[in-house]
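Undergrad:
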Amino acid sequence: MYIIVGGGGKVGYYLAKTLINEGHEVLVIEKDKRKCAFIAEELGSVAMRGDACEASSLAEGGANRADVVVAVTGDDEDNLVICQVAKQRFGVPRTIARINNPKNEHIFKLLGIDVTVSHTDLILSQIEQEIPAHPLVHLLKLRHGDLEIIEGTVSERSRALRRPLRDLPLPDDCIISLVVRNGKVIIPTGQVTLEPGDEVIALTKTESEAALRQLLLG
Amino acid sequence: MRVVILGCGRVGATLAQMLDEEGHDVTIVDLNIDAFRRLSPEFKGTAVVGTGIDEDVLRRAGIEQADAFVAVTNGDNTNIMASQVAKRVFGVPKVVVRIYDPVREETYRKLGLDTYCPTVLGARNIKLLLEGKAATDLGSRLRSGA
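This is the structure:
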C-alpha cells in the first residue's frame, strides 16, 4: 500500500519506520527541516519537506494514488484539515487522524474522518488495565456501531457460574469471544461452563456493558 | 442578531465593534486575554477566553443560541475546524470563515462553507488600484466564486 503520513514528529517517525518494515511504500510530509533531515538519515528518502495541510504538498507527494493518509501532528485542527483535503481533493479512500483532545473524537467522526486514534484515551486505558481493582477493562473501542471489546475476571459471586454458556442470560448484542483458564485458552462453545477466576474476553454493544458486568462479576 | 466571533485580532475586533454599534448581541472569543485590549471601552458585547475548537468554550460563548458565527483567527485550520463545529455540531444558521490559503479556501467553499479569502481578494484589488481603477465590490466577488 502507498501510505502518506502527515507530520514527522515522534509518532510520525515511528509509524513510518513500522510501516516500511512491513513492506509498505511510505512518504512522510513534515514542515520542519531538521525533522525531515533526521527521518531521511534514519529511514532513507521517505521524507518530504512541506505542509501536509496544503494541497500542493499532497499533490507533490502523490496523494492521488495514496491508499491511506494518516495525520499525526500534535494539533487536532491540522490533522482534521489534512484528512479532509486528502479525501475531498484527492479522493484518498481511507483517512486516519490522531486526536490529541479526546473531546474531538465525535467531531471528527461527524466531519467524515474514517478512523481516529486518541493517544490520551489509549494511555488512560493502558493505565486502567494496570490497576487491578478495575473489574472490567476496555481492550478496544470499535467506532462503528458503538462496539467494545472488554476483558474481565469471573468472580465467586457471579451468576454465570456452573451453567453452560448457551444457557446464560447474556444481554442482547453481546458475545463471549474467549475464555482463558489458568493461562490456557478455551474456545467458548455453548457447552463450556465458567469457573471463578476465568478471564473472559467479550464483544459487546456499549449499552449492554453494564448488564454483562453484572452477570460476570456479580 | 446574536453573533459569535472567533479571533480578536484586527479584523475580529473591528467587526465586533461594527456589529455592536449596530445593536447586535456580540460575543468574541480569543485564546489570549490581551487580545481584548483591541476592543474599545464602549464595546457592550461579551469577551470569552478560550480556544475556539473546544465545544465547551463555544457553548460558554453562547453558540447554541447564535444566529451567526465568524472565524477570523490567524490560523486557517483553526478557522476551518471551528466553523465546521459551529455549522455541523451546533447548527448555526450563518457561518463565515476566513481562509488565507486560496487552495484550502476553494476546497472548503466546495464543501459548502461560506469562505472569505483575503489573499485573492486583496491581490486583485491591489492590481486594480495599480491599473488606476476602483477596487471592486467584494461582496459580488465573493459570490461569483473569486
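Those sequence lines, one after another, are chains R and C.
The first sequence runs 26 to 243 under the working numbering.
The second sequence runs 11 to 156 under the working numbering.
A virtual CB, placed ideally from N, CA and C, is assigned to each residue, including glycine.
Being a predicted model, the structure only gives us computed values, none of them experimental.
Have a look at the DSSP bridge pairing and note the partners of R/Ser143.
TA: Here the question's residue 143 of chain R lines up with position 118 in the first sequence. According to DSSP, which records beta bridges pairwise, R/Ser143 is partnered with R/Ile124.
Undergrad: Using only CA atoms, which one of C/Ile43, C/Ile136 and C/Ala145 lies nearest to C/Gly19?
TA: Numbered from 1 along the second sequence, position 9 holds the residue referred to as residue 19 of chain C. When only C-alpha atoms are compared, the closest one is C/Ile43.
Undergrad: For the 8 Å Cβ check, are there 3 or more pairs between the stretch 139-151 of chain R and the stretch 176-190 of chain R?
TA: Taking 8 Å as the limit for Cβ pairs, the verdict is that the stretch 176-190 of chain R does not touch the stretch 139-151 of chain R.
Undergrad: In three-state DSSP terms, what is R/Gly31?
TA: Locating residue 31 of chain R in the first sequence gives position 6, counting from the first residue. Note: R/Gly31 maps to strand in three-state DSSP.
Undergrad: Return no unless some Cβ of chain R is closer than 8 Å to the Cβ of C/Thr88.
TA: Here residue 88 of chain C refers to the residue found at position 78 when the second sequence is read from its first residue. Taking Cβ atoms only, chain R reaches closer than 8 Å to C/Thr88, which makes this a yes.
Undergrad: Suppose you measure from the CA of C/Glu32 to the CA of C/Ile38; what does that come to, to the nearest Å?
TA: Within the second sequence, the letter at position 22 stands for residue 32 of chain C. Within the second sequence, the letter at position 28 stands for residue 38 of chain C. Cα to Cα, C/Glu32 sits roughly 16 Å from C/Ile38.
Undergrad: Can you give me the C-alpha to C-alpha distance between R/Arg184 and R/Leu242, rounded to a whole angstrom?
TA: Taking the first residue of the first sequence as 1, we reach residue 184 of chain R at position 159. Taking the first residue of the first sequence as 1, we reach residue 242 of chain R at position 217. The alpha-carbon atoms of R/Arg184 and R/Leu242 are separated by roughly 8 Å.
Undergrad: Return the chain-ordered list of same chain residues with a C-beta closer than 8 Å to the C-beta of C/Ser50, the five sequence neighbours on each side being excluded.
TA: Walking along the second sequence from the start, residue 50 of chain C turns up at place 40. Cβ neighbours of C/Ser50 beyond the five flanking positions: Gln27.
Undergrad: Which of the three DSSP states, helix, strand or coil, is assigned to R/Glu79?
TA: The sequence position of residue 79 of chain R within the first sequence is 54, counting from 1. Coil.
Undergrad: For R/Leu203 and R/Arg119, I'd like the C-alpha separation in whole angstroms.
TA: Here residue 203 of chain R refers to the residue found at position 178 when the first sequence is read from its first residue. Here residue 119 of chain R refers to the residue found at position 94 when the first sequence is read from its first residue. Their backbone Cα atoms lie some 30 Å apart in a straight line.
Undergrad: What do you get for R/Gly86, buried or exposed, if any count of 16 or more other CB atoms within 10 angstroms of its CB means buried?
TA: By one-based count along the first sequence, residue 86 of chain R stands at place 61. So R/Gly86 counts as buried.
Undergrad: Taking just the CA atoms, how far does R/Ala84 sit from C/Cys127?
TA: To locate residue 127 of chain C, count along the second sequence from 1; it is residue 117. To locate residue 84 of chain R, count along the first sequence from 1; it is residue 59. In a straight line, the C-alpha of C/Cys127 is about 21 Å away from that of R/Ala84.
Undergrad: For the alpha helix (DSSP H) containing C/Thr129, name the first residue and the last one.
TA: By one-based count along the second sequence, residue 129 of chain C stands at place 119. Pro128 to Leu140 is the span of the alpha helix (DSSP H), which, as asked, contains C/Thr129.
Undergrad: Mapping the DSSP letters down to three states, classify R/Leu135 as helix, strand or coil.
TA: For the purposes of this step, residue 135 of chain R is identified with residue 110 of the first sequence, where counting begins at 1. R/Leu135 falls in the helix class under three-state DSSP.
Undergrad: Please classify R/Glu220: does DSSP put it in a helix, a strand, or coil?
TA: As a first step, residue 220 of chain R must be located in the first sequence, where it is residue number 195. It is coil, neither helix nor strand.
Undergrad: Which residues in chain C sit within 7 Å of R/Lys56, going by Cβ to Cβ distance?
TA: Counted from its first residue, the first sequence places residue 56 of chain R at position 31. Those within 7 Å of R/Lys56 in chain C number zero; the least Cβ separation is about 13 Å.
Undergrad: Do you know how far the Cα of R/Gly31 is from the Cα of R/Thr43?
TA: For this step, residue 43 of chain R is matched to residue 18 along the first sequence. For this step, residue 31 of chain R is matched to residue 6 along the first sequence. The straight-line gap from Cα to Cα measures roughly 15 Å.
Undergrad: Using the Cβ count rule (16 or more neighbours within 10 Å means buried), how would you classify C/Ile63?
TA: Counting from one through the second sequence, the residue named residue 63 of chain C turns up at place 53. Buried: at least 16 other Cβ atoms inside 10 Å.
Undergrad: Closer than 9 Å by beta-carbon distance: list the chain R residues that pair up with C/Arg114, in chain order.
TA: Walking along the second sequence from the start, residue 114 of chain C turns up at place 104. Near C/Arg114 (Cβ distances below 9 Å), the residues of chain R are Cys78, Glu79, Ala80, Val106 and Val110.
Undergrad: R/Ile201 touches chain C at which residues, Cβ-Cβ below 8 Å?
TA: For the purposes of this step, residue 201 of chain R is taken as residue 176 along the first sequence, with counting starting at 1. What R/Ile201 touches in chain C: nothing, since even the nearest Cβ is about 37 Å away.
Undergrad: Tell me the DSSP bridge mates of R/Pro189?
TA: The residue you call residue 189 of chain R lines up with position 164 of the first sequence. Looking at the DSSP assignment, R/Pro189 forms a beta bridge with R/Thr218.
Undergrad: Taking 8 Å as the CB-CB limit, is C/Asp124 close to chain R?
TA: What you label residue 124 of chain C is simply residue 114 of the second sequence in a count that begins at 1. No, its Cβ sits nowhere closer than 8 Å to a Cβ of chain R.
Undergrad: Which same chain residues, not among the five before or five after R/Val51, have their C-beta less than 6 Å away from its C-beta?
TA: Indexing the first sequence from 1 puts residue 51 of chain R at position 26. The answer, listed in chain order, is Ile28, Ala41, Leu44, Ile45 and Val71.
Undergrad: Quick check on this structure: which residue in C/Lys143, C/Ala144, C/Ile15 and C/Val105 has the alpha carbon closest to the alpha carbon of C/Gly55?
TA: Start at 1 with the first residue of the second sequence, and residue 55 of chain C comes out as number 45. If we check each option's Cα against that of C/Gly55, C/Ile15 comes out closest.
Undergrad: Spatial neighbours of C/Ala78 within its chain, please: C-beta separation below 8 Å, excluding the five flanking residues on both sides.
TA: The count along the second sequence starts at 1 and reaches residue 78 of chain C at position 68. Once the five neighbours on either side are set aside, the close Cβ partners of C/Ala78 are Met11, Arg12, Val13, Val14, Val102, Pro103, Lys104, Val105 and Val106.
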